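As structure tokens, the structure follows; a few thoughts come after it.
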Amino acid sequence: MVRIYTVPSCSSCRKVKQWFFDQNIPFVEKNILARPISDNEIKDMLLLSENGTDDIISKRSNHIKKDNVDVDSMKLNELIEYIKANPTILKRPIIVDDTKMVVGYNPDEISTFIPQARRFAAWACKTECPRYDECDSHLDEETDA
């Protein structure tokens, strides 16, 4: 199941949720201000990140500046507690499933959350169907873009 970590005031979060609605892809929204993030959720994000804390933490955050902390020098448990105490240091939205994570709103990147069978069917329709130019099924996708 796709999880989207959001805050209510984030316009990129709203765009991501709308994109998932439009694609009919189920997701669970997790408002990081309303419900604390668990240790395991933070660990999952770090495990899926390619660049460690750089992928998920905004180093320009007011908390980071005010507290004058170097998150890269923290031990894992310290980092987890700091994130839980200051969830707004997380970049957003953060979109996670069991195998991948995308941060921010980028339709090209988040399209990896479209189920593989559906991506293959769209590709086959476009490349293999002799009636593609006559077919109305792909016109809806083009007008949505």
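Once you know that position 77 of the sequence shown is 76 in numbering that gives the first Met the number 0, the rest is easy, because the numbers rise by one and skip nothing. Virtual Cβ for every residue (Gly too), placed ideally from N, Cα, C. Computed from a predicted model, the values in this text were never measured in an experiment.
- Shown here, LEU32 sits in coil according to DSSP, grouped into three states, outside any helix or strand.
- Taking C-beta atoms as the reference points, VAL15 and PRO92 count as a pair closer than 7 Å.
- When only Cα atoms are considered, ILE36 and CYS124 end up about 41 Å apart.
- For MET73, no alpha helix (DSSP H) run applies, since DSSP gives it neither H nor E.
- Apart from the 5 residues on each side of it in sequence, THR111 sits with its Cβ closer than 8 Å to the Cβ of LYS99, VAL101 in its chain, given in chain order.
- Of ALA33, MET73, ASP38, the smallest CA-CA separation from SER8 is found for ALA33.
- Judged by beta-carbon spacing, ILE82 lies beyond the 7 Å limit of ILE31, meaning their Cβ atoms are not closer than that value.
- Straight-line spacing of the CA atoms in ASP96 and HIS62 works out to 28 Å.
- Per DSSP, reduced to three states, the secondary structure at MET44 is helical.
- THR5 and LYS90 have their C-alpha atoms spaced approximately 9 Å apart.
- For a cut-off of 8 Å, the C-beta gap from ILE88 to SER48 is around 14 Å, too long to register as a contact.
- Separation of the CB atoms of ILE3 and LYS29 is rounded to 7 Å, and the pair is thereby assigned contact status at 8 Å.
- In terms of Cα proximity to ASN67, the closest of TRP18, ILE24, LYS58 is LYS58.
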